[in-house]
Every structure is written in C-alpha cells, then in structure tokens.
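Contents: one structure, followed by commentary.
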Amino acid sequence: MISVQTTYRVLTGSNYGFNVFLYCLLAYPFSNPVLSKALDVARSGNYVIRNCNAGESGSMAEQLQTLLPQIYDNLQGVIADAALGTNSQHGFSALFKKNDSIDFVQGIFKSMAAGKPVPIHTEGRTTNPLLNLGWPTIVCVDPEEQPDIARGCAMEPVPAGNDGQYVMLCPLFWEIEEEAASWECPRVRRNTLTPNDDTLAVNQQAALVHELAHMYGVTPPNKDDESYIIGDAVDLDEENSLQNAANFAYFYAGKKAQTVKKPILGLHEAFSGAVSSASKICYS
Ligand SMILES: [Zn+2]
0 MISVQTTYRV LTGSNYGFNV FLYCLLAYPF SNPVLSKALD VARSGNYVIR
50 NCNAGESGSM AEQLQTLLPQ IYDNLQGVIA DAALGTNSQH GFSALFKKND
100 SIDFVQGIFK SMAAGKPVPI HTEGRTTNPL LNLGWPTIVC VDPEEQPDIA
150 RGCAMEPVPA GNDGQYVMLC PLFWEIEEEA ASWECPRVRR NTLTPNDDTL
200 AVNQQAALVH ELAHMYGVTP PNKDDESYII GDAVDLDEEN SLQNAANFAY
250 FYAGKKAQTV KKPILGLHEA FSGAVSSASK ICYS
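According to numbering that gives the first Met the number 0, the sequence shown is numbered sequentially starting from 0.
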C-alpha cells in the first residue's frame, strides 16, 4: 500500500468537480493480465492497445490512438527542454535538481516517445532479459476479465497502474481531463507551492507519462515510498527524484501547461537558498 494520500479533482462530462483520493496501481502488483479478447488489438507506433474495444467508433482504443500521438509530440518539446537542465524554465531544477540528471531524464522520455521494447515477465525462469523483450502494451481494465486488477482500481480510486510491459487503465482514467491546463500550475502562497496537491498531474496525458516512467524503470526501491503531491516531489533529492514517477509527470505537465507570460516561482523551503531557479514548475 502506498502511504501518501492525495486529493485531486475529477472533471466529469458535466464539469462537476469532486475530490477523490489518488493512489498508483503500482501499489497492487499484478501478474500478467489475462487477455482473452485476441482480436481486440490496436496499435499506435510501437504501443499495443488491448481490450479497449478496437474497431468500434469512439472506443477507448480510438481515443488512445489520438492521445498517444499527442504525447509523442509533446515529448519532443519535453526532451528539448530537459536538455536545458537547470536553465529550463519548466521545473527541471525543482524536479531533478542537477544537470547530472539530464541524460537519465532525457533517456526516460525518449524511451516513452519511441515506445522502446520492455523486459517482460519470465515467470521465475532465469533468462537473459535482453532476449525477453515485449512491446509496451496498454490494457483497458475490464472488471469481468481482470477482476483482481479491477479490485485494485476500486480499492482506492486510481486512474492507472503498471507492471512490466503493461500499463493498465482503470475505469477512472476515462473520467479525468485529457491534458494539464495552465491554471493548474501551482502558485506560491506562504512559502509553499499552492495548491500543494497533484492537480497538475491528474489528467490522462500525465497519468500515462507517470505509468510509462514506471515501465521504463522509474520506481523507488521500496514501492511504498512513492511521492505523489507536488511539494513532496520537489522535496526529493537528486537520486530519489529520478526514482519517482510523479517527478516525470510534473515535468511533462508543467511543460504542457505553459502559456508563457511571467514565471511562477514555487518558493519551497527545502530550496529557499536558490529559490528562483530551484522551484519554477511552469509559466502562466
Ligand atoms: Zn506511480
């Protein structure tokens, strides 16, 4: 179980907001999902989309085939921005601290953009992981077909989870907004980022980036130690920030949400010595 509990806002079709709690389904490790619908397969680049009603008009598969290319596009800007390191104006300093991290951060985002093959579960056999690669696969959770995973989705409302080559999309994924908005960038109030929650990352694009970060190896040694809310993510030191998927989701979302007028400086106590460069998350 993940101990960090965060609130976020879900916008339904009627724009009615209510608070729920967000955990990452990573807290509930699952074995390979049973995928009996052999024909329910779609693709987007290297990504395989399964169990999302492929072929049906307006299906989840079709929505992902729109969403994923938008993410690939946005990632190009994110990768370019990460190259600026601490000169980035979208939170690199706040989220990753040092230019030493540039290569690693870019590598994770490049893997996502390319849909790089992922080591797959080998069912306990000791085999060369390089010979056991699979395509990154996104699965829409069907409570009838994956009851265990669906229970994980419902235990605490979570939009998505990851294990191995699979990103599982819970029913809640389809209730959250598609992308971050500029007004969701945290502002500074009384020496902390406000709101100090995970609003900026609660959208379909950032949720996918979060789970793909896990898929490409961004996970703390102890899964219970994942930090979700933005203040906690910014508080992590360099080493831990590179093991926390939310930092990648915030960097992506901060870049996405930019509208570039004047900088918002996220004054955070941990970095009060280098406030202006340390804590910018995005512009608004
Ligand atoms: Zn996570």
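Note that CB positions come from ideal geometry on N, CA and C, so glycine has one too. Please read all numbers here as calculations on a predicted model, not as lab measurements.
Could you tell me the boundaries of the alpha helix (DSSP H) in which Asp147 lies? According to the DSSP assignment, Asp147 belongs to the alpha helix (DSSP H) that extends over 146-154.
Once DSSP output is grouped into helix, strand and coil, what is the label at Ser58? Coil, per DSSP.
Length of the line joining the Cα atoms of Ala149 and Gln64: One alpha carbon belongs to Ala149, the other to Gln64, and they sit about 23 Å apart.
Reduced DSSP category for Leu66 - H, G, I as helix; E, B as strand; rest coil: Note: Leu66 maps to helix in three-state DSSP.
Which residues share a DSSP beta bridge with Tyr249? According to DSSP, Tyr249 bridges with nothing at all.
Give the straight-line distance between the Cα atoms of Thr193 and Ala200, rounded to the nearest whole angstrom. Roughly 14 Å separates the two Cα atoms.
Measuring CB atoms only, is the stretch 132-146 touching the stretch 86-99, in the sense that at least three cross pairs come out at less than 8 Å? Segments in contact, no.
Three-state class that DSSP yields for Pro170 in the structure shown: Look at Pro170 here: in three-state DSSP terms it is helix.
So the beta strand (DSSP E) Asn221 belongs to, where does it begin and stop? It is not in any beta strand (DSSP E) - Asn221 carries neither H nor E in the DSSP assignment.
Report whether the distance from the Cβ of Ala41 to the nearest heavy atom of ligand 1 is below 7 Å. Relative to the non-hydrogen atoms of ligand 1, the Cβ of Ala41 never comes closer than 7 Å to any of them.
Measure from the alpha carbon of Leu211 to the alpha carbon of each residue in Gln242, Ile228, Glu237, then state which is nearest. Ranking the options by Cα distance to Leu211, first place goes to Gln242.
Sorry if obvious, but does the Cβ on Glu225 come closer than 7 Å to a heavy atom of ligand 1? The beta carbon of Glu225 sits closer than 7 Å to at least one heavy atom of ligand 1.
Exposed or buried, Met59, counting other C-beta atoms within 10 Å across all chains shown (16 or more means buried)? It is buried - the Cβ of Met59 has at least 16 other Cβ atoms within 10 Å.
Taking the straight line between their C-alpha atoms, what separation do you get for Lys222 and Ala244? About 11 Å.
Going by DSSP, what residues sit across from Pro118 in a beta bridge? In DSSP, Pro118 forms a bridge with Leu132.
Where does the unbroken alpha helix (DSSP H) through Gly106 begin, and where does it stop? According to the DSSP assignment, Gly106 belongs to the alpha helix (DSSP H) that extends over 101-113.
State yes or no: is the C-beta of Ile175 within less than 8 Å of the C-beta of Asp196? No.
Does the beta-carbon of Ile252, which I'm using as the reference point, lie nearer than 7 Å to any heavy atom of ligand 1? Here residue 252 is Ala; the residue named in the question, Ile, does not match the sequence. Answer for Ala252: no, Cβ out of range of ligand 1.
Taking C-alpha atoms, which residue in Tyr227, Arg49, Leu67, Asp162 lies nearest to Glu177? Checked all of Tyr227, Arg49, Leu67, Asp162; the closest Cα to Glu177 is Leu67.
One question on the structure: do Val117 and Gly133 come within less than 8 Å of each other, judged by their Cβ atoms? Yes, the pair counts as a contact, with Cβ atoms nearer than the cut-off.
Flag Ala232 as yes when its Cβ comes closer than 7 Å to any non-hydrogen atom of ligand 1, and as no otherwise. No - ligand 1 has no heavy atom lying nearer than 7 Å to the Cβ of Ala232.
Heavy atom of ligand 1 within 7 Å of Ala244 beta-carbon: Relative to ligand 1, the nearest heavy atom lies less than 7 Å away from the CB of Ala244.
Can you determine whether any heavy atom of ligand 1 sits closer than 7 Å to the C-beta of His89, and answer yes or no? No - ligand 1 has no heavy atom lying nearer than 7 Å to the Cβ of His89.
Excluding the five sequence neighbours on either side, which residues of its own chain have a C-beta within less than 8 Å of the C-beta of Leu34, listed in chain order? Taken in chain order, the residues that qualify are Arg49, Asn50, Val138, Glu144.
Please go through the same chain and pick out, in chain order, the residues whose beta-carbon is closer than 6 Å to the beta-carbon of His89, but skip the five residues on each side of it. Setting aside the 5 residues that flank it on each side, His89 is surrounded in the same chain by Asp80, Gly253, Lys254, Cys281, each with a C-beta closer than 6 Å to its C-beta; the list follows chain order.
Please return the same chain residues whose Cβ sits closer than 8 Å to the Cβ of Ser240, not counting the five positions on each side in sequence. The residues are Leu94, Phe95, Lys96, Ser100, Ala232, Asn246.
Between which two residues does the alpha helix (DSSP H) harbouring Gly160 extend? Premise fails: Gly160 lies in the beta strand (DSSP E), 159-162, not in any alpha helix (DSSP H).
According to DSSP, is Ala41 part of a helix, a strand, or is it coil? Three-state DSSP puts Ala41 in a strand.
Measuring straight from C-alpha to C-alpha, what distance separates Val311 and Asn86? Outside the shown range of the chain (0 to 283) lies residue 311, about which nothing can therefore be said.
Relative to the alpha-carbon of Val217, which residue among Tyr46, Ser181, Ala248 has its alpha-carbon at the smallest distance? Scanning Tyr46, Ser181, Ala248 for the CA closest to the CA of Val217 turns up Ala248.
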